[in-house]
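Enquirer:
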Amino acid sequence: MESYLPPMQGITKGIRQGRNVLEGYQRGWGLQFGGLMERIEKDPLHREAAAAAGDLGILSQHNRMNIFLIMRFFLHKIPFGHIVEYGSYRGGSAIFMAYVAQQLYPGMKVFALDTFEGMPVTDKNVDAHNAGDFADADLGRLKARIDRLKLDNLVLVKGLFEDTNDAVMAEAGKVSLAHIDCDIAPAVRYSYEGVKPFMVDGGYIVFDDATYSSCIGATEVVEDIVIRRDGRNSEQIWPHFVFRAFAERA
Ligand SMILES: C[S@@+](CC[C@H](N)C(=O)[O-])C[C@H]1O[C@@H](n2cnc3c(N)ncnc32)[C@H](O)[C@@H]1O
3 MESYLPPMQG ITKGIRQGRN VLEGYQRGWG LQFGGLMERI EKDPLHREAA AAAGDLGILS
63 QHNRMNIFLI MRFFLHKIPF GHIVEYGSYR GGSAIFMAYV AQQLYPGMKV FALDTFEGMP
123 VTDKNVDAHN AGDFADADLG RLKARIDRLK LDNLVLVKGL FEDTNDAVMA EAGKVSLAHI
183 DCDIAPAVRY SYEGVKPFMV DGGYIVFDDA TYSSCIGATE VVEDIVIRRD GRNSEQIWPH
243 FVFRAFAERA
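My numbering numbers the first residue of the sequence shown as 3 and each following residue consecutively.
(1) Taking 7 Å as the cut-off, is the beta-carbon of I254 closer than that to any non-hydrogen atom of ligand 1?
(2) Could you give the distance in angstroms between the alpha-carbon of N127 and the alpha-carbon of S216?
(3) Quick test of your reading: E87 and D183, contact by CB under 8 Å. State the CB separation rounded to the nearest angstrom.
(4) Can you tell me whether G6 is helix, strand or coil according to DSSP?
(5) CA-CA distance, T166 and R191?
(6) Sorry if obvious, but does the Cβ on Y91 come closer than 7 Å to a heavy atom of ligand 1?
(7) Taking M39 as the reference, give the member of G161, S62, A212, Q238 with the closest Cα.
(8) Tell me, please, whether the segment 208 to 215 touches the segment 102 to 122 by the rule of three or more beta-carbon pairs shorter than 8 Å.
(9) On a CA-only basis, which of D45, P46, A53 is nearest L151? Give me that one, please.
(10) In the DSSP assignment, what residue or residues form a beta bridge with D116?
(11) Taking the straight line between their C-alpha atoms, what separation do you get for V123 and R230?
(12) Three-state secondary structure (DSSP) at F245?
(13) Please report the Cβ distance between F82 and S178, rounded to the nearest whole angstrom; I am assuming they are in contact, meaning their Cβ atoms lie under 8 Å.
(14) Return the Cβ separation of H84 and K111 in integer angstroms, given the expectation that the two are a contact with Cβ distance under 8 Å.
(15) With 8 Å as the threshold, decide whether the Cβ of K152 is near any Cβ in chain D.
(16) Kindly indicate which three-state DSSP category V128 falls into: helix, strand or coil?
(17) Give the DSSP bridge partners of R18, in chain order.
(18) CB of M99 to nearest heavy atom of ligand 1: below 7 Å?
(19) Taking the straight line between their C-alpha atoms, what separation do you get for E155 and S90?
(20) Sort out for me which residues DSSP pairs E87 with in a bridge.
(21) Could you tell me which of M121, A51, P241, Y6 sits nearest to A187, measuring between CA atoms?
(22) Determine the DSSP secondary structure at G36, reduced to helix, strand or coil.
(23) Taking DSSP's pairing of strands, which residues face F136 in a bridge?
(24) Using 8 Å as the threshold, is the C-beta distance between G20 and F248 below it?
(25) Measure the C-alpha to C-alpha separation of A130 and A220 and round it to an integer number of angstroms.
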C-alpha cells in the first residue's frame with residue numbers, strides 16, 4: 003500500500019544526533035495535527051489488527067497507532083530483527099503487533115514477556131505502582147485467542163524479565179523493535195539494558211509509559227540512562243518516547 007504519511011516538506015532528510023527527525027515528524031505531527039488518525043482508521047490492516055486484539059489491550063489509541071505506523075512504513079527500511087515487548091499484561095498490544103508482523107514481515111516473531119501474574123516489587127522512591135498491580139491477566143484466555151487467530155509468530159514468555167531475557171535474546175538474536183511497557187523503574191531499566199546490545203542498526207526502542215503522569219519511575223530511567231548516560235536524543239516524545247539504536251550518531 004502507498005504511504006499516506008505527511009511529506010513534511012522542507013525538513014532535512016537523514017540522521018541528526020542519532021535519530022531521524024523527518025520520520026519522527028511524519029508520525030508524531032501527522033497523528034497529532036495532520037489528520038493521520040483518520041487515514042489509519044481507514045487502513046484495513048489496522049482495522050484487522052485492532053479487531054484481533056479486541057478488548058485485551060490497554061494502550062492508548064495514539065500509542066497503538068504510532069506502533070502501527072512504525073511497523074507499516076518504517077520497519078522494512080532497517081535490518082531484519084524480531085519484536086520484543088516488555089510488559090504484555092492481557093496480551094492486547096502483543097496480539098496487535100503479531101497480527102501486523104504476520105501480514106508484513108514473514109519470519110518475524112513477537113516475544114511477549116510478562117509475569118502474567120502482576121507487577122513485582124516496585125521502587126517506592128519513584129514508582130506509583132505497587133507489587134501485584136495487573137495481577138488479573140488471564141494466560142489461558144490469551145493462549146486460546148492466539149490459537150484461534152493462528153498467530154504462530156507470537157511467543158508468550160512467562161516470568162520475570164530478569165529470569166527470561168537471556169533465553170529470549172539467545173533465540174531472537176536481533177531485535178528491530180523493543181516495546182517497553184512495564185511502568186516501573188526497575189523493570190524499565192532492566193528492559194532497556196537487556197535489549198540494547200541486541201538492537202539492529204536503527205532499531206526502534208519505544209517507551210510506552212515514560213510520559214505518563216502515573217509512571218515517573220519510567221520517566222526517570224529515560225532521563226538518567228537513555229538521555230544523560232547514553233546521550234540519545236528522541237525521535238518522538240509524543241505520543242510516546244521513541245529512540246533509535248543507531249551505531250553511528252551522525
Ligand atoms: C501496563 S502493563 C502492560 C500493558 C500491555 N502492554 C498492553 O498494552 O495491554 C505492565 C505489565 O508489566 C509487567 N511487569 C512489570 N515488571 C515486570 C518484570 N520485572 N517482569 C515481568 N513482567 C513485569 C506487569 O506484570 C504488567 O502486566
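A virtual CB, placed ideally from N, CA and C, is assigned to each residue, including glycine.
Given the structure is predicted, the values throughout are model-derived calculations rather than measurements.
Expert: For this structure:
(1) The question about residue 254 has no answer here: the residues shown for the chain are numbered 3 through 252.
(2) Translated into positions along the sequence shown, residue 127 becomes position 125. Translated into positions along the sequence shown, residue 216 becomes position 214. Taking the straight line joining both Cα atoms gives about 13 Å.
(3) Locating residue 87 in the sequence shown gives position 85, counting from the first residue. Locating residue 183 in the sequence shown gives position 181, counting from the first residue. The pair is a contact, with the Cβ atoms about 7 Å apart (cut-off 8 Å).
(4) Here residue 6 corresponds to residue number 4 of the sequence shown, with the count starting at 1. Here residue 6 is Tyr; the residue named in the question, Gly, does not match the sequence. In the structure shown, Y6 sits in coil (DSSP, three-state: anything other than H, G, I, E or B).
(5) In the sequence shown, the residue the question calls residue 166 occupies position 164. In the sequence shown, the residue the question calls residue 191 occupies position 189. About 15 Å.
(6) Looking up residue 91 in the sequence shown gives position 89. Yes, ligand 1 has a heavy atom inside 7 Å of this Cβ.
(7) As a position in the sequence shown, residue 39 is number 37, starting the count at 1. Among G161, S62, A212, Q238, the Cα nearest to that of M39 is on S62.
(8) No, they do not touch.
(9) Looking up residue 151 in the sequence shown gives position 149. It is A53 whose Cα lies nearest to the Cα of L151.
(10) Counting from one through the sequence shown, the residue named residue 116 turns up at place 114. K160, per the DSSP bridge assignment.
(11) For the purposes of this step, residue 123 is identified with residue 121 of the sequence shown, where counting begins at 1. For the purposes of this step, residue 230 is identified with residue 228 of the sequence shown, where counting begins at 1. Our two residues, V123 and R230, have alpha carbons roughly 26 Å apart in a direct line.
(12) Numbered from its first residue, the sequence shown carries residue 245 at position 243. DSSP places F245 in strand when its eight states are reduced to three.
(13) Numbered from 1 along the sequence shown, position 80 holds the residue referred to as residue 82. Numbered from 1 along the sequence shown, position 176 holds the residue referred to as residue 178. That belief holds up - the Cβ atoms of F82 and S178 are roughly 7 Å apart, short of 8 Å.
(14) As a first step, residue 84 must be located in the sequence shown, where it is residue number 82. As a first step, residue 111 must be located in the sequence shown, where it is residue number 109. Between K111 and H84 the Cβ distance is about 5 Å, and since that is below 8 Å, they are a contact.
(15) Among the protein chains of the structure shown there is no chain D, as only one such chain exists.
(16) On the sequence shown, residue 128 is found 126 positions in, with the first residue counted as 1. Three-state DSSP puts V128 in coil, outside helix and strand.
(17) Here residue 18 corresponds to residue number 16 of the sequence shown, with the count starting at 1. As DSSP reads the structure, R18 sits in a beta bridge with R21.
(18) By one-based count along the sequence shown, residue 99 stands at place 97. Incorrect: M99 has no Cβ contact closer than 7 Å to ligand 1.
(19) Position 153 of the sequence shown, counting from 1, holds the residue named residue 155. Position 88 of the sequence shown, counting from 1, holds the residue named residue 90. Looking at the sequence provided, one finds Asn at residue 155 rather than Glu. So the alpha carbons of these two residues sit roughly 15 Å apart.
(20) For the purposes of this step, residue 87 is identified with residue 85 of the sequence shown, where counting begins at 1. Per DSSP, A114, H181.
(21) Here residue 187 refers to the residue found at position 185 of the sequence shown. Distance from the Cα of A187 is smallest, within the candidate group M121, A51, P241, Y6, for M121.
(22) Within the sequence shown, numbered from 1, the residue matching residue 36 stands at position 34. DSSP places G36 in coil when its eight states are reduced to three.
(23) For the purposes of this step, residue 136 is taken as residue 134 along the sequence shown, with counting starting at 1. None, per the DSSP bridge assignment.
(24) Reading the sequence shown from its first residue, position 18 is the one you call residue 20. Reading the sequence shown from its first residue, position 246 is the one you call residue 248. Here G20 is near F248, since their CB atoms are less than 8 Å apart.
(25) For the purposes of this step, residue 130 is taken as residue 128 along the sequence shown, with counting starting at 1. For the purposes of this step, residue 220 is taken as residue 218 along the sequence shown, with counting starting at 1. Using only the alpha carbons, I get a separation of about 10 Å.
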